[in-house]
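Undergrad: Quick mapping for you: the protein sequence lines, in order, are chains H and E.
Position in the first sequence counted from 1, then plus 1164, gives you this note's numbering.
Position in the second sequence counted from 1, then plus 1164, gives you this note's numbering.
Number of protein chains: 2
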Amino acid sequence: MGLQERKRQILKAIIENYIDTAEPVGSKSLTVAFDRPISSATIRNEMSELEEMGYLEKPHVSAGRVPSYAAYRLYVNELMDSAAGLTAEIDAIRMELEGKLHELDDLAYTASRVISSMTNQTTVSAVKSSGAKVQKVELIPTDNGHSYAVVLITASEVKSKMFRSYEPIDQSAVAMLSTALNLALTENRVEYLLPSIARSMGADASVFRLADAVIKFIEEVEREGDGNKVHVEGAEKLLNMREYQDASKARELMEYLSDSEKVMDMLDEAGDEPIGIKIGSELGDPRAKDASFVFTTYDIDSHTKGIIGIVAPTRMDYHRACAHLTAFKQAVRQLGSHPTDIGENDEHR
Amino acid sequence: MGLQERKRQILKAIIENYIDTAEPVGSKSLTVAFDRPISSATIRNEMSELEEMGYLEKPHVSAGRVPSYAAYRLYVNELMDSAAGLTAEIDAIRMELEGKLHELDDLAYTASRVISSMTNQTTVSAVKSSGAKVQKVELIPTDNGHSYAVVLITASEVKSKMFRSYEPIDQSAVAMLSTALNLALTENRVEYLLPSIARSMGADASVFRLADAVIKFIEEVEREGDGNKVHVEGAEKLLNMREYQDASKARELMEYLSDSEKVMDMLDEAGDEPIGIKIGSELGDPRAKDASFVFTTYDIDSHTKGIIGIVAPTRMDYHRACAHLTAFKQAVRQLGSHPTDIGENDEHR
DNA sequence: TTTTAGCACTCTTTTGTTCTGAGTGCTAAG
DNA sequence: CTTAGCACTCAGAACAAAAGAGTGCTAAAA
């Protein structure tokens, strides 16, 4: 159902104008926007057809037109100059980003801060590790004699936690426990370990309790990975936008952002496209119906994926957002693909 | 300069009324608020004196009166029913809190979420560890042969980080490095270690680099402690408040909250009072001049302090806020003072 | 001396009205 | 098919009047 070339041009101009000004655009203001000038009347005709097709709406009869959801969808799919043709700008952004993202460590957090301040928009980011397999456990005594640091190592991640016990713990029993735990890990039978420990060293209750706590921690790490926290950065920037001058509108959206596991879901669903774009109702929540989310996912390691994106009104500058995220993605790849001599990598959460 | 009893009563009534309604309160509406009824004219007289003394202001001549900064200060200092007389309510809140805060682990984050949702207000929290002394380092090889988990143990905290090296690292050299590092730690001379390592094992560049990275990490942990991140929870709740219906007002305050190291400063300054209250301009930032911050600090361990507080318009319900924070403080104390058999404790950041 | 009723006065808020301007849709001519 | 012209619509601004809330002051009552 291809749109004729001129309609596309007009629609594109309307959208970009609206993105810029947040104000309904009228036929007159468009006459200047073309090589061969067209009269406002002609544009009006086209506009009214575009309206019939569902690409434009008017807030009221004597306002200009405003792009509809369908228009934005079309815009990002077909009309927008693709990020591909933008290498120069992207390179510039990437350079700037690379200067600020030194380590994969804490990437999600840092990146959301940096991108939020570069774009002056709200960003949302999250990290999820799944299927992480704990491969090794270390029990490290601390000097006072009754606390233990427990360290788990998964494919490419360390997690640690401190446990304290009221009574001192018998050293040799802990050594045995450690061996047993690691053995159980390689054999994948951690869950059966506790009873047998109870049998073999039942006397020493404190070791048993330590074992219990450690096993719970192992299971938790394997089950939940990284805790899946979602981080919203620069929420206040939404309040700069025309469409969120109304406090209760803004509040709704912010609630959606902070409450939502939707972001995690997107990470799960995210296909292979480099940049994902969810427009308005595609976000699947009435509170976010006037917002869009442009995001990208990236791999931190084989078990850990990250997602980061920009949230803004539907009339956001998709082009710029894509550029930034593309640049980010490149910067990460470069950061990751370069296990330099001592590359610092992720940490505990 | 004690205020006569009746003036105090009237002022208190005005403040509490205003806290409740956010609307200037007039003389008439107060006549009902006393045991022995007083006429509105009398109240008007008192009010106008209170105004002269600087406790009341009027937005304009035919509105009621609004408490001034001085009034709030007086209120929290003298007028407000002290939290002490509230044990029943506090107990109830504490019970609820205890149900939700199981571990010191991640306390700052969890607590801010829980308190924000209980009070329906914005909370700010932060953790700072200072003077932490790294006492032990473990270098744990992971199976692939060229990555190392490095674990630091301070007084009561574990921190870990993964380092990768491109080439495999010689095991025995690492063992030596580990010994050297721990020795240097006990002797407090980590900073002198690197050159001597370079001398003794200069051949093996990868070990040298690992050493370098680990030492940097040690220094970073000792210097910066926990990274001092400030966490703001429930920012959107500000947008429910009358005084932040204006988006740009709200934006300013939110900017202040997320940008600010002021919270950290407060933690540093915080004296021994159980609850701190900063009203309006006391926050020392024009962006926060119409807000107040009620906060409390707590010890996670001897090197780690936390702060958590509630942010709201100056006409916030100080009483309730204090009750919640007092309850929180009690809950934490109970959590901490109870190093049960296996008490789970804090983690890496 | 203190309290209170009464009343004039002030100033915001609300409501209603008119006016203006932007932008459209339609018609008829190019 | 495009464009000029024009009547029409409607939101928002500007203005005016009315309503309402609350005060300050005065003079009488306690």
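Backbone N, C-alpha and C fix where the C-beta goes; we use that ideal spot for every residue, glycine too.
Keep in mind that this is a model prediction, so the values were computed, not measured.
#1: Taking G1440 of chain H as part of the beta strand (DSSP E), name the residues at either end of that continuous run.
#2: Does DSSP put R1353 of chain E in a helix, a strand or coil?
#3: Do you know how far the Cα of H1395 of chain E is from the Cα of A1275 of chain H?
#4: E1386 of chain H CB to nearest chain E CB: under 9 angstroms?
#5: Does G1470 of chain H get closer than 9 angstroms to chain E when you measure Cβ to Cβ?
#6: Between S1422 of chain E and chain H, is there a C-beta pair that is closer than 9 angstroms?
#7: How many Å lie between A1434 of chain H and A1339 of chain E at the Cα?
#8: Based on the DSSP secondary-structure assignment, which residues constitute the bridge partners of S1324 of chain E?
#9: Does any CB atom of chain H fall closer than 9 angstroms to the CB of R1497 of chain E?
#10: Using the three-state DSSP reduction, which class does S1232 of chain H fall into: helix, strand or coil?
#11: Against Q1173 of chain H, what residues of chain E qualify as contacts under a CB-to-CB distance less than 8 angstroms, listed in chain order?
#12: Rounded to the nearest angstrom, how far is the Cβ of V1371 of chain E from that of D1334 of chain E, given a contact under 8 angstroms?
#13: By the criterion of Cβ-Cβ separation under 8 angstroms, what are the contact partners of A1414 of chain H in chain E?
#14: Any idea what DSSP makes of E1221 of chain H, helix, strand or coil?
#15: If the criterion is Cβ atoms closer than 9 angstroms, does the pair V1291 of chain E and K1426 of chain E meet it?
#16: Chain E partners of V1315 of chain H, CB-CB under 8 angstroms?
#17: Within 10 Å of its beta-carbon, does G1190 of chain H have 16 or more other beta-carbons around it, so buried, or fewer, so exposed?
#18: So with CB distances below 7 angstroms, who are the chain H contacts of E1180 of chain E?
#19: Hey, how far is the Cα of I1179 of chain E from the Cα of S1445 of chain H?
#20: Chain E beta carbons: is any one of them nearer than 9 angstroms to that of M1418 of chain H?
#21: Classify N1181 of chain H as buried or exposed, calling it buried when 16 or more other Cβ atoms lie within 10 Å of its own Cβ.
#22: Might you give, ordered along the chain, the residues of its own chain that have their beta carbon closer than 6 angstroms to the beta carbon of T1504 of chain H, omitting 5 neighbours on each side?
#23: Run through the region 1411-1467 of chain E for me and flag every whole alpha helix (DSSP H) of 4 or more residues, listed as ranges in chain order.
#24: With three or more C-beta pairs closer than 8 angstroms as the rule, is the region 1455-1467 of chain H touching the region 1484-1498 of chain H?
#25: How is N1181 of chain E classed by DSSP in three states: helix, strand or coil?
#26: Can you have a look at T1478 of chain E and say buried or exposed, based on whether 16 or more other CB atoms are within 10 angstroms of its CB?
#27: Would you call the CB atoms of I1317 of chain H and F1492 of chain H closer than 9 angstroms?
#28: Report the option in E:E1388, E:R1497, E:P1201, E:L1243 whose CA atom is closest to the CA atom of L1175 of chain E.
TA: So, from the listed chains and residues:
#1: That run of the beta strand (DSSP E) goes 1440-1443.
#2: Of the three classes helix, strand and coil, the one that applies to R1353 of chain E here is coil, per DSSP.
#3: Between A1275 of chain H and H1395 of chain E, the C-alpha separation is close to 17 angstroms.
#4: Closer than 9 angstroms: no.
#5: By this cut-off, G1470 of chain H is not an interface position.
#6: So, interface residue.
#7: C-alpha separation (whole angstroms): 43 angstroms.
#8: According to DSSP, which records beta bridges pairwise, S1324 of chain E is partnered with E:V1315.
#9: Not an interface residue.
#10: The three-state secondary structure of S1232 of chain H, taken from DSSP, is coil.
#11: Close to Q1173 of chain H, with beta-carbon spacing below 8 angstroms, lies no residue of chain E; the smallest spacing is near 35 angstroms.
#12: Going by Cβ atoms, the distance from V1371 of chain E to D1334 of chain E rounds to 6 angstroms, so yes, they are a contact pair.
#13: Chain E residues near A1414 of chain H: E1400, L1403, A1411, A1414.
#14: Correct three-state label for E1221 of chain H: strand.
#15: Their beta carbons are not under 9 angstroms apart, which means V1291 of chain E does not touch K1426 of chain E by this criterion.
#16: What V1315 of chain H touches in chain E: E1302, I1304, A1313, V1315, V1322, S1324.
#17: Around the Cβ of G1190 of chain H, a 10 Å sphere holds 16 or more other Cβ atoms; the residue is buried.
#18: Per Cβ cutoff of 7 angstroms: no residues; E1180 of chain E is ~25 angstroms from chain H at best.
#19: If you draw a straight line from the Cα of I1179 of chain E to the Cα of S1445 of chain H, it comes to about 44 angstroms.
#20: Yes, because at least one Cβ of chain E sits closer than 9 angstroms to the Cβ of M1418 of chain H.
#21: Taking every protein chain shown into account, the CB of N1181 of chain H has 16 or more other CB atoms within 10 angstroms, so this residue is buried.
#22: Annotation note: pLDDT 43 at T1504 of chain H (below 50); position unreliable, coordinate value reported separately. Excluding sequence neighbours, T1504 of chain H sits near nothing in its chain.
#23: For the region 1411-1467 of chain E, whole alpha helix (DSSP H) runs of length 4 or above, ordered along the chain, are 1411-1423, 1426-1433.
#24: The region 1484-1498 of chain H is in contact with the region 1455-1467 of chain H.
#25: Three-state result, N1181 of chain E: helix.
#26: With 16 or more Cβ atoms within 10 Å of its Cβ, T1478 of chain E is classed as buried.
#27: The beta carbons of I1317 of chain H and F1492 of chain H sit no closer together than 9 angstroms.
#28: The option with the nearest alpha carbon to L1175 of chain E is E:L1243.
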